[in-house]
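Novice: Structure provided below as structure tokens; questions to follow.
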Amino acid sequence: MRVEQVWLQGFTGRGVTTTVIDDGLEWKHDDLISNYDPSVSHDFTTDTSDPTPFRGDNHGTECAGVVAMSKNTLCGIGVAFDSKIGGIKINIEESMDVFEARALGYQQSSVDVYSNSWGPKDNGYTVEGPGRLVSKTLQSGAEKGRDGKGNVFVWAAGNGGDKFDSCAADGYVNSIYTIAVGSADQDGRQAYYDEDCSAKMAVTFSHNSRPTGPQVYTTTLDGRCTSGFTGTSASAPLLSGVIALALQANPDLTWRDVQYLIVYTSNIDILTVDDLATNGAGLKFSHHFGFGAIDAEALVTRARHWTSVPQQLNFTIPATQFECMISNGSTCELEFQFTSELGANISSLEHVLVSLSLSIVPTANDSLWNLTDYYEAEKDGEAGDWLQSPHPRRGDVEIELTSPAGTRSILLPNRDYDFVNTEGYDNWPFMSVHFWGEDPTGTWTLRTTFRASSGSVFITNVTLTGFGIAEGVSGNSNRGLCQNCLRGCGDVCDVCSELRLNYSLACVSTCPNATIEYNGYCIAGSVIYPETPTGNSADGTTTVILVSVAAVVVVTLFVVVLVVLVVVLVTRKRRKDRFSTTTTATNVYWSLPDIDDNDDETVQI
Numbered sequence: 001m002r003v004e005q006v007w008l009q010g011f012t013g014r015g016v017t018t019t020v021i022d023d024g025l026e027w028k029h030d031d032l033i034s035n036y037d038p039s040v041s042h043d044f045t046t047d048t049s050d051p052t053p054f055r056g057d058n059h060g061t062e063c064a065g066v067v068a069m070s071k072n073t074l075c076g077i078g079v080a081f082d083s084k085i086g087g088i089k090i091n092i093e094e095s096m097d098v099f100e101a102r103a104l105g106y107q108q109s110s111v112d113v114y115s116n117s118w119g120p121k122d123n124g125y126t127v128e129g130p131g132r133l134v135s136k137t138l139q140s141g142a143e144k145g146r147d148g149k150g151n152v153f154v155w156a157a158g159n160g161g162d163k164f165d166s167c168a169a170d171g172y173v174n175s176i177y178t179i180a181v182g183s184a185d186q187d188g189r190q191a192y193y194d195e196d197c198s199a200k201m202a203v204t205f206s207h208n209s210r211p212t213g214p215q216v217y218t219t220t221l222d223g224r225c226t227s228g229f230t231g232t233s234a235s236a237p238l239l240s241g242v243i244a245l246a247l248q249a250n251p252d253l254t255w256r257d258v259q260y261l262i263v264y265t266s267n268i269d270i271l272t273v274d275d276l277a278t279n280g281a282g283l284k285f286s287h288h289f290g291f292g293a294i295d296a297e298a299l300v301t302r303a304r305h306w307t308s309v310p311q312q313l314n315f316t317i318p319a320t321q322f323e324c325m326i327s328n329g330s331t332c333e334l335e336f337q338f339t340s341e342l343g344a345n346i347s348s349l350e351h352v353l354v355s356l357s358l359s360i361v362p363t364a365n366d367s368l369w370n371l372t373d374y375y376e377a378e379k380d381g382e383a384g385d386w387l388q389s390p391h392p393r394r395g396d397v398e399i400e401l402t403s404p405a406g407t408r409s410i411l412l413p414n415r416d417y418d419f420v421n422t423e424g425y426d427n428w429p430f431m432s433v434h435f436w437g438e439d440p441t442g443t444w445t446l447r448t449t450f451r452a453s454s455g456s457v458f459i460t461n462v463t464l465t466g467f468g469i470a471e472g473v474s475g476n477s478n479r480g481l482c483q484n485c486l487r488g489c490g491d492v493c494d495v496c497s498e499l500r501l502n503y504s505l506a507c508v509s510t511c512p513n514a515t516i517e518y519n520g521y522c523i524a525g526s527v528i529y530p531e532t533p534t535g536n537s538a539d540g541t542t543t544v545i546l547v548s549v550a551a552v553v554v555v556t557l558f559v560v561v562l563v564v565l566v567v568v569l570v571t572r573k574r575r576k577d578r579f580s581t582t583t584t585a586t587n588v589y590w591s592l593p594d595i596d597d598n599d600d601e602t603v604q605i
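Sequential numbering from 1 applies to the sequence shown in the UniProt record's numbering.
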């Protein structure tokens with residue numbers, strides 16, 4: 001994820017606050033206590049200020065460590081190891097709309113990032129989303145949080161991939177106000193538990209199934225450490241930490257700026273992709289990986305020079321046909337016409353959302369199955385037989401949206417474990433990020449397929465909503481290749497193909513004199529982790545705190561001369577002490593994080 005390169009630029013999350021909403025936080029842990037912020041922490045199970053978890057509830061503590069473990073010799077190093085961390089404790093298993101809303105809205109003026117590694121059950125047949133209060137809280141946080149710049153809500157995409165689950169059935173992920181993140185393994189493959197959906201923006205690296213593969217090291221209960229943290233539960237705090245680094249680099253970023261940065265800097269080329277596509281704006285995407293793997297260096301480097309995107313606009317249009325009935329493996333196509341006369345004045349899309357109601361209509365000979373029926377079948381050992389039965393099921397439905405540019409996005413894939421036919425989708429919002437940057441003008445086509453051999457599907461209340469801006473963000477988006485630049489070239493490259501100067505961010509082939517080469521960077525000067533984040537001026541220029549190379553050379557020469565004089569004087573006065581003196585290197589210009597270069601195979605950050 002190239003996090004250490006961001007540290008070499010001087011960003012460690014200082015001044016940024018992340019709150020983990022989960023089953024609690026062992027804030028007295030030696031690796032967390034120095035970064036713990038009680039003002040953004042709360043226990044909503046008892047309505048008290050202490051979020052200490054119940055015995056055995058280690059999930060929230062493990063998430064928090066990934067974000068903000070201190071830079072010491074204990075469990076590891078958090079992605080944003082100088083950032084503040086809070087914990088909000090809720091009952092994950094039996095949560096209610098009102099408590100979730102209170103948690104997500106807690107201290108919205110003080111919290112920058114809310115990290116969420118929870119959601120509906122990943123069993124392949126649950127369809128669940130936020131209640132009315134949570135939906136309003138997410139919108140309020142995006143519009144009013146962080147003094148109007150908006151809170152950033154990061155959400156784990158889900159771990160039901162091995163049960164053919166899809167995050168399309170997760171309403172928290174399908175909100176435009178959340179950032180859904182999945183998991184890839186150390187070889188760039190989709191993790192076996194990772195879920196596909198069109199709302200997923202990106203992935204981070206997490207453990208898959210190989211026993212000897214890299215693990216995510218983090219804090220756990222009783223002051224201990226663990227190397228067994230995995231799943232999209234680990235991906236969410238990994239991304240939250242990277243976003244904290246970006247917000248330190250540029251505190252003026254809005255919640256939408258953060259999403260744009262993820263879209264334009266994620267790297268899909270390093271992943272093993274079997275469904276790679278390119279949309280009408282030239283952006284590569286995948287239903288497995290979104291726009292690719294998070295690249296911390298590229299994201300933060302771009303953030304330092306990012307100009308905030310203009311006001312978000314939106315439009316909503318109904319389908320040209322109000323309803324549709326399909327059966328016996330047939331297909332229904334509904335169209336939407338978007339023209340400039342609608343008055344939205346959008347030329348570059350962000351999120352596209354299709355809302356609809358869908359019900360399964362079994363025949364008289366078909367069995368009716370709901371969640372209770374399946375639980376009973378599981379107890380009797382008959383669930384597997386039902387999954388192979390020919391009866392119509394909600395999981396037999398697939399929905400695909402095609403844009404005027406010809407981009408195809410699967411809003412709802414088949415879910416092989418979704419046997420339910422007594423319930424469908426009630427005004428469900430299927431969201432896609434795959435049309436990002438496209439012009440919405442023209443004909444949109446919604447194609448629904450029902451693969452069952454019996455029963456029918458009835459679709460109604462279909463609308464399409466587009467969000468976007470009046471003009472594109474070409475000045476901020478991907479640029480053509482230039483000399484010594486790997487990706488995102490321009491005045492400043494996102495990633496350099498060879499080396500980068502840490503003080504100017506310029507790409508070079510060799511490090512200049514009086515600099516130290518370390519991990520792809522040429523380090524010069526005494527770079528200080530900035531108390532006041534850099535790179536916030538409107539014209540995109542960046543002030544970097546450093547001692548110039550010339551000054552370093554002068555100081556070094558002065559020290560050398562001084563040492564020689566001292567040696568001469570000491571030698572003349574006490575020649576017998578010559579071999580007992582200790583030599584200390586004086587040419588270290590950078591206080592590097594205490595990282596072993598060999599840790600790349602053990603720590604996934």
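All C-beta atoms in this analysis are idealised placements derived from N, C-alpha and C, irrespective of residue type, glycine included. Note that the structure is a prediction, hence the values are computed from the model and not measured.
Whole angstroms is fine: what's the gap from residue 337's alpha carbon to residue 466's?
Specialist: 12 Å
Novice: Check this for me: beta carbons of residue 424 and residue 523, under 7 Å apart or not?
Specialist: no
Novice: Go ahead and label residue 453 buried or exposed: buried means 16 or more other beta carbons lie within 10 angstroms of its beta carbon, across all protein chains shown.
Specialist: exposed
Novice: State yes or no: is the C-beta of residue 168 within less than 7 Å of the C-beta of residue 201?
Specialist: no
Novice: Go ahead and label residue 161 buried or exposed: buried means 16 or more other beta carbons lie within 10 angstroms of its beta carbon, across all protein chains shown.
Specialist: buried
Novice: Among the candidates 292, 43 and 485, whose CA atom is the shortest distance from the CA of residue 500?
Specialist: 485
Novice: Residue 430 bridges to which residues according to DSSP?
Specialist: 354
Novice: Comparing alpha-carbon positions, which option in 455, 241 and 249 lies nearest residue 422?
Specialist: 455
Novice: Secondary structure at residue 447, three-state DSSP: helix, strand or coil?
Specialist: strand
Novice: When the Cβ atoms of the stretch 323–334 are set against those of the stretch 133–153, are three or more pairs found closer than 8 Å?
Specialist: no
Novice: Out of 125, 133 and 457, point me to the one whose CA is closest to residue 100's CA.
Specialist: Cα-wise, what sits closest to residue 100 is 133.
Novice: Among 207, 224, 222 and 27, which has the Cα closest to the Cα of residue 216?
Specialist: Taking only the C-alpha atoms, the option nearest residue 216 is 207.
Novice: Less than 7 Å between C-beta atoms, sequence neighbours within five positions excluded: which residues of the same chain meet that for residue 75?
Specialist: Counting only Cβ-Cβ distances below 7 Å, and skipping sequence neighbours, we find 31, 65, 69, 217, 218, 219 and 225.
Novice: Tell me which residues share the same chain as residue 254 and place their Cβ nearer than 7 Å to its Cβ, disregarding the 5 neighbours each side in the sequence.
Specialist: In the same chain as residue 254, and ignoring 5 residues on each side of it, the C-beta atoms closer than 7 Å to its own belong to 149, 150 and 308, in chain order.
Novice: Taking all protein chains shown into account, decide if residue 304 is buried (16 or more other Cβ within 10 angstroms of its Cβ) or exposed.
Specialist: Burial call: buried.
Novice: Across the stretch 80–91 and the stretch 6–26, are there enough close Cβ pairs to call them in contact, namely three or more that are closer than 8 Å?
Specialist: Yes, the stretch 80–91 touches the stretch 6–26.
Novice: Could you tell me the distance, in whole angstroms, from the CA atom of residue 237 to the CA atom of residue 341?
Specialist: 43 Å
Novice: Am I right that residue 196 and residue 59 are in contact with their C-beta atoms under 8 Å? What's the rounded C-beta distance?
Specialist: Your pair residue 196 and residue 59 does not check out as a contact, with CB atoms roughly 24 Å apart and the cut at 8 Å.
Novice: Based on Cα-Cα distance, which residue from 463, 394 and 171 lies nearest to residue 315?
Specialist: 463
Novice: Please confirm whether residue 24 and residue 47 have their CB atoms less than 7 Å apart.
Specialist: no
Novice: Roughly how many angstroms lie between the CA atoms of residue 519 and residue 267, to the nearest whole one?
Specialist: 19 Å
Novice: Here's a check: name, in chain order, each residue in its chain whose Cβ is nearer than 6 Å to the Cβ of residue 429, leaving out the five neighbours to either side.
Specialist: Cβ neighbours of residue 429 beyond the five flanking positions: 174, 353 and 355.
Novice: If you run the structure through DSSP and keep just helix, strand and coil, what is residue 522?
Specialist: Residue 522 falls in the strand class under three-state DSSP.
Novice: Cβ atoms of residue 138 and residue 521: under 7 Å apart, would you say?
Specialist: no
Novice: Going by the CB atoms, is the gap between residue 348 and residue 460 shorter than 7 Å?
Specialist: no
Novice: In the structure shown, what three-state DSSP assignment does residue 206 receive?
Specialist: coil
Novice: Can you tell me whether residue 302 is helix, strand or coil according to DSSP?
Specialist: helix
Novice: Buried or exposed: which applies to residue 54, given that a residue is buried once 16 or more other Cβ atoms fall within 10 Å of its Cβ?
Specialist: The residue in question, residue 54, is exposed, as its Cβ has fewer than 16 Cβ neighbours within 10 Å.
Novice: Kindly indicate the opening and closing residues of the alpha helix (DSSP H) around residue 610.
Specialist: Here the chain covers residues 1 to 605 and nothing more, so residue 610 does not appear.
Novice: So, is residue 108 buried or exposed, given that buried needs 16 or more other C-beta atoms within 10 angstroms?
Specialist: buried
Novice: Can you look up residue 118 in the DSSP assignment and give me helix, strand or coil?
Specialist: DSSP places residue 118 in the coil class of the three-state scheme, outside both helix and strand.
Novice: Can you tell me whether residue 453 is helix, strand or coil according to DSSP?
Specialist: Three-state DSSP puts residue 453 in coil, outside helix and strand.
Novice: Can you give me the Cβ contacts of residue 19 inside the same chain, cut-off strictly under 6 Å, excluding the 5 residues immediately before and after it?
Specialist: 40, 86, 88, 111 and 114
Novice: Within 8 Å, do at least three Cβ pairs link the stretch 273–289 to the stretch 429–440?
Specialist: yes
Novice: In three-state terms, what does DSSP make of residue 436?
Specialist: coil
Novice: DSSP beta-bridge partners for residue 314?
Specialist: For residue 314, which the question treats as bridged, DSSP gives the partners 467.
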